[in-house]
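For the sequence shown, full-length UniProt numbering assigns the number 1 to the initial residue and increments by one for each residue that follows.
Just so you know, even glycine gets a beta-carbon here, dropped at the ideal spot from N, CA and C.
So the structure is just underneath, and the comments pick up after that.
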Amino acid sequence: MTYPISFRHKVLSIQEKENLSIAQVAQRFCVGTASVTRWIKTPDPRTTRNKPATKIDMEILAQDIKNHPYAYQYERTNRPRVSACVIVMGSATFHKRQDIKTAFADAGHTLEYLPSYSPRFDDIEPKWAQAKVIRKRE
Numbered sequence: 001m002t003y004p005i006s007f008r009h010k011v012l013s014i015q016e017k018e019n020l021s022i023a024q025v026a027q028r029f030c031v032g033t034a035s036v037t038r039w040i041k042t043p044d045p046r047t048t049r050n051k052p053a054t055k056i057d058m059e060i061l062a063q064d065i066k067n068h069p070y071a072y073q074y075e076r077t078n079r080p081r082v083s084a085c086v087i088v089m090g091s092a093t094f095h096k097r098q099d100i101k102t103a104f105a106d107a108g109h110t111l112e113y114l115p116s117y118s119p120r121f122d123d124i125e126p127k128w129a130q131a132k133v134i135r136k137r138e
């Protein structure tokens, strides 16, 4: 939740005037200590985010309206718009079934498999072996 700038400045001015610690001023105004610490560093809220825009491509929307003129908005948002990508799966036999391969190929995706599992290269395996030995003794 973003607090108003005036509230932030009031909290910081009270802290400075009364010489309160961060914990004391946070308790007094019922806010988190992390918030007060952040306000000390940057009192004004950030106006930009380091995130790419997530707006819909208008050409894709126009094409969707042309293809499905009577669709509800929730149907448009639920319609998959996944671009072709590479799917990486384990080497389990159920991952290699033909219906799974066909489904990914029909969607335009490439399917890659991880190399075979080797317990020698996994650091947790010796611990599991020890746990099994202890369990068998009981």
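First and last residue of the beta strand (DSSP E) that includes residue i?
i, result
"residue 42", "Unbroken run through residue 42: none, as it is neither H nor E."
Hey, quick one: how far does the alpha helix (DSSP H) through residue i stretch, first residue to last?
i, result
"residue 47", "Neither: residue 47 is in no alpha helix (DSSP H) and is coded neither H nor E."
"residue 22", "22 to 29"
"residue 9", "5 to 18"
"residue 62", "58 to 67"
Using only the alpha-carbon positions, how far apart do residue i and residue j sit?
i, j, result
"residue 112", "residue 88", "5 Å"
"residue 25", "residue 50", "30 Å"
"residue 61", "residue 67", "10 Å"
"residue 21", "residue 44", "20 Å"
"residue 96", "residue 104", "11 Å"
Is residue i helix, strand or coil by DSSP?
i, result
"residue 70", "coil"
Which residue's Cα is closest to the Cα of residue i: the options?
i, options, result
"residue 76", "109, 131, 56", "56"
Query raised in the report: Curious, which full-length beta strand (DSSP E) runs of at least 3 residues does the UniProt domain "Tc1-like transposase DDE" (78 to 133) contain?
Result: Within the UniProt domain "Tc1-like transposase DDE" (78 to 133), the complete beta strand (DSSP E) runs of at least 3 residues are 86 to 89, 110 to 113.
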